[in-house]
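Student: Residue numbers (our numbering): 171 to 334.
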């Protein structure tokens with residue numbers, strides 16, 4: 171058996187995922203003067219800090235400020251090519267997922283693209299000045315259960331559970 175070293179350049183098609191095989195025709199072993207077989211390269215996709223992939227769809231998590239969650243606004247989120255603006259409606263809660271059509275990964279089988287699904291997380295402000303804390307205290311004094319339906323629903327469900 172002969173061992174030869176050879177350096178090859180490989181073109182990885184768009185849409186290839188972790189564990190997929192890329193075939194290089196005629197680059198495998200040959201059998202005693204016969205035709206060379208094929209070489210298969212198994213793709214290892216390095217995890218990304220921003221995106222997780224599920225088929226053609228990409229997932230990301232983006233922080234939004236408390237003010238944006240309450241009042242609405244827009245945030246800048248990354249895509250595979252650049253940034254886009256994502257409109258956040260007023261009263262957006264942590265965990266809300268926004269779907270951006272056609273901004274996911276490319277299919278390896280055709281030119282279609284998946285979606286980008288962005289889950290928002292409301293970030294509570296830190297390092298507040300005494301004036302900022304006072305403003306939040308005033309807001310807190312002016313709110314009631316009707317402003318927090320999820321908290322009210324949770325409290326009611328917890329009461330029902332504990333009483334049963």
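Where is the CB? At the ideal position from N, CA and C, for every residue including glycine.
Would you list the residues sitting across from residue 293 in a DSSP beta bridge?
Tutor: 235
Student: Note down the Cα distance separating residue 203 from residue 196, rounded to an integer number of angstroms.
Tutor: 13 Å
Student: Out of 279, 219, 201, point me to the one whose CA is closest to residue 190's CA.
Tutor: 279
Student: Among all the DSSP beta bridges, which residues are the ones paired with residue 246?
Tutor: Looking at the DSSP assignment, residue 246 forms a beta bridge with 255.
Student: Which residues in the same chain as residue 213 place their Cβ atom closer than 8 Å to its Cβ, once the five residues preceding and following it in sequence are excluded?
Tutor: If we look at residue 213 and ignore the five residues flanking it on each side, its Cβ neighbours are 182, 186, 187, 188, 189, 190, 191, 192.
Student: Starting from residue 191, trace the beta strand (DSSP E) both ways and give me its first and last residue.
Tutor: 191–194
Student: Nearest to residue 290 by CA position, among 184, 227, 175, 242, is which residue?
Tutor: 242
Student: Have a look at residue 324 and residue 179 and give me their C-alpha separation to the nearest angstrom.
Tutor: 58 Å
Student: With a 10 Å radius around its C-beta and 16 neighbouring C-beta atoms as the bar for buried, classify residue 286 as buried or exposed.
Tutor: buried
Student: Just to confirm my understanding: we take residue 256, look at its own chain, exclude 5 residues before and 5 after, and list those with CB closer than 8 Å. What are they?
Tutor: Shown here for residue 256: same chain residues with a beta carbon closer than 8 Å to its own, the five before and five after excluded, namely 232, 244, 245, 246, 247, 268, 270, 288 in chain order.
Student: Quick one: Cα of residue 252 to Cα of residue 273, how far?
Tutor: 10 Å
Student: Check each candidate in 177, 306, 314, 228 and name the one with the smallest Cα separation from residue 217.
Tutor: 228
Student: Use the C-beta contact count for residue 234: other C-beta atoms within 10 angstroms, 16 or more gives buried, fewer gives exposed.
Tutor: buried
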